[in-house]
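Here the structure is laid out as structure tokens; the discussion comes afterwards.
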DNA sequence: CAAAACAACTTGTAAATACAAGTTATAAAA
DNA sequence: TTTTATAACTTGTATTTACAAGTTGTTTTG
């Protein structure tokens with residue numbers, strides 16, 4: 001347990017506090033020197049933790065002022081969901097794991113190009129269905145290379161995000177990615193999963209997320225019911 | 001000239017070298033210690049520069065190995081179009097101005113919130129239809145506040161992008177923005193404009209682009225025919 | 001010859017220290 | 001009272017030093 005670096009512990013702590021609302025939007029974090037004495041570290045270490053929070057978009061530093069907390073759903077460039085009615089504070093209320101993580105070979109008709117290492121490592125496959133206000137809105141099919149992920153298939157993902165598990169247990173961070181978007185007619189399977197009304201189209205996404213580990217990319221195919229909600233992104 | 005921090009100078013230099021191809025994709029950058037002695041800085045300073053490059057996605061660091069150069073990200077967030085067939089080099093071959101820029105009041109059912117200054121300034125309104133390979137794919141409705149845009153309604157937009165005119169003639173730069181995406185059934189008007197097949201859904205986007213001029217935001221409502229093409233973005 | 005051990009690299013983490021520069025509230029001066 | 005100066009904060013930049021940990025090629029050993 002002690003092989004987790006100090007700066008990372010502070011980062012996790014502050015991150016949790018921001019997300020759980022200990023610090024609210026617009027609040028100032030304790031100053032760097034205060035954090036130093038409170039956690040018995042030196043300023044470079046504290047700054048390393050804060051820089052990581054800046055990278056996540058969770059805080060915003062201002063010289064002479066302090067570290068300002070930004071609102072948590074400040075999506076990491078990636079994607080978030082905005083309800084047409086209640087735009088603020090929407091969270092995934094429930095996540096069903098339709099397919100627990102299993103190791104298998106990459107699909108033959110996989111829509112992304114793979115590196116040799118990824119190809120020969122095989123992949124971990126999982127499917128999720130996510131709900132907002134007890135309505136299914138999000139069906140995603142995920143493939144990740146089976147590279148150095150001990151006990152991954154035994155982990156529980158019920159109330160944790162996939163990214164959270166990768167970050168906390170395997171130190172894998174999302175750096176960026178690319179995505180392709182289309183509006184399509186749903187297949188029968190998708191229509192049933194998302195409880196789509198007849199004729200209701202679905203937002204289709206293919207995304208490749210790159211990480212800090214070379215050759216470790218996360219591939220997702222996502223179907224989104226955009227009848228009552230919308231995909232929201234800022235850049 | 002000397003108030004530019006050292007780490008930033010090194011960052012700019014390496015960035016230029018990566019983009020210009022001095023280092024190619026997959027190459028290793030000089031090691032941190034080599035950079036130290038070459039540029040007469042200490043390792044923390046060099047590391048600061050490298051961290052900035054990592055944040056940009058231009059390099060990827062690997063412990064025990066070195067700093068690996070990645071291919072420069074093509075577009076920073078906004079949006080581009082990827083043909084399913086010919087993915088590279090797709091351009092808008094033609095742009096029709098359906099509605100030349102006109103000054104009017106903001107619509108009553110405008111889907112964005114406006115500041116007081118924007119509200120009372122009135123807006124400039126224009127509609128465009130854009131083609132790829134002589135097929136209409138892109139129908140956009142644009143509103144911008146009528147703030148300090150002399151002779152704007154007299155300008156020609158035939159072969160210039162709206163952004164290009166704003167940048168070159170009015171020094172207005174896009175800083176960022178937010179967007180909302182949905183898959184919807186097209187209205188009769190949209191179906192006819194985009195030559196949509198019966199039952200073909202359409203990708204609907206609302207975007208607000210922020211600029212370097214305060215209170216000057218560009219609001220677009222976009223309908224995209226995603227039958228043969230997809231919206232492509234990287235982040 | 002093959003495997004293990006080692007040496008020489010690489011980046012990662014962390015300490016202690018110093019000064020520069022921006023912000024803000026308070027105290028002094030007009 | 002209003003303005004200006006100052007002091008006490010804040011974060012930004014930079015040096016120096018030390019050791020940990022991952023990678024790779026070479027040498028030694030079986």
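Residue numbers (the numbering used here), protein chains in the order written: chain A, 1 to 235; chain B, 1 to 235. Cβ atoms here follow ideal geometry from the backbone N, Cα and C, with glycine treated the same way.
- Here DSSP, grouped into helix, strand and coil, assigns residue 128(B) to strand.
- Here the C-alpha atom of residue 36(B) lies approximately 14 Å from the C-alpha atom of residue 13(B).
- Residue 51(A) carries a helical assignment under DSSP once its states are collapsed to helix, strand and coil.
- Counting only residues of its own chain and dropping the five nearest sequence neighbours on each side, residue 128(A) has a CB closer than 7 Å to the CB of 95, 96, 97, 98, 140.
- Spanning the alpha carbons of residue 227(B) and residue 205(A) requires a straight line of approximately 14 Å.
- When only Cα atoms are considered, residue 23(A) and residue 34(A) end up about 15 Å apart.
- Shortest Cα-Cα distance from residue 190(A) to any of 209(A), 223(A), 229(A) involves 223(A).
- Below the 7 Å Cβ cutoff, chain B contributes 180, 181, 182 as neighbours of residue 230(A), in chain order.
- For residue 207(B), the uninterrupted beta strand (DSSP E) segment begins and ends at 202-211.
- With respect to the 8 Å criterion, residue 201(B) and residue 201(A) are classified as neighbours on the basis of their beta carbons.
- For residue 4(A), the three-state secondary structure derived from DSSP is coil.
- DSSP places residue 219(B) inside the beta strand (DSSP E), whose first and last residues are 217-224.
- Contact annotation: residue 231(B) and residue 144(B) have beta-carbon atoms that are not nearer than 8 Å.
- In its chain, beyond the 5 residues on either side, 101, 124 have a beta carbon closer than 7 Å to the beta carbon of residue 152(A).
- In this structure, the beta-carbon distance from residue 176(A) to residue 57(B) falls below 8 Å.
- For residue 94(A), the uninterrupted beta strand (DSSP E) run begins and ends at 94-104, by DSSP.
- Here the alpha carbon of residue 173(A) sits roughly 5 Å from the alpha carbon of residue 211(A).
- Residue 165(A) carries a helical assignment under DSSP once its states are collapsed to helix, strand and coil.
- In the assembly as shown, residue 63(A) is an exposed residue. Its beta-carbon has fewer than 16 other beta-carbons within 10 Å.
- Just measuring C-alpha positions, the residue of 215(A), 137(A), 60(A), 106(A) sitting nearest residue 194(A) is 137(A).
- Checking the DSSP bridge columns, you'll see residue 197(B) has no partner listed.
- Nearest neighbour of residue 178(B) by Cα position, chosen from 207(B), 44(B), 186(B), turns out to be 207(B).
- For a Cβ distance threshold of 9 Å, residue set 181, 182, 183, 184, 204 of chain B lies close to residue 226(A), ordered along the chain.
- Burial is judged here by how many other beta carbons sit within 10 angstroms of a residue's own beta carbon; residue 148(A) has fewer than 16 and is exposed.
- Beyond the five residues adjoining it in sequence on each side, residue 11(B) comes within less than 7 Å, by CB distance, of 49, 52, 53 in the same chain, given in chain order.
- Not one beta carbon of chain B lies nearer than 8 Å to the beta carbon of residue 64(A).
- In its chain, beyond the 5 residues on either side, 43, 46 have a beta carbon closer than 6 Å to the beta carbon of residue 32(A).
- Neighbours of residue 201(A) across chain B, judged by C-beta separation under 7 Å: 183, 184, 185, 201.
- According to DSSP, residue 57(B) shares a beta bridge with no other residue.
- For residue 35(B), there is no enclosing beta strand (DSSP E); the residue is part of the alpha helix (DSSP H) that begins and ends at 32-39.
- Under DSSP, residue 176(A) shares a beta bridge with 210(A).
- C-alpha of residue 155(B) to C-alpha of residue 130(B): approximately 18 Å in a straight line.
- Its Cα nearest to that of residue 142(B), the residue 103(B) stands out among 103(B), 134(B), 115(B).
- Distance from the CA of residue 132(A) to the CA of residue 135(B), rounded to the nearest whole angstrom, comes to 37 Å.
- Not a single CB atom of chain A sits nearer than 8 Å to the CB of residue 197(B).
- Per DSSP, reduced to three states, the secondary structure at residue 110(B) is coil, with no helix or strand assignment.
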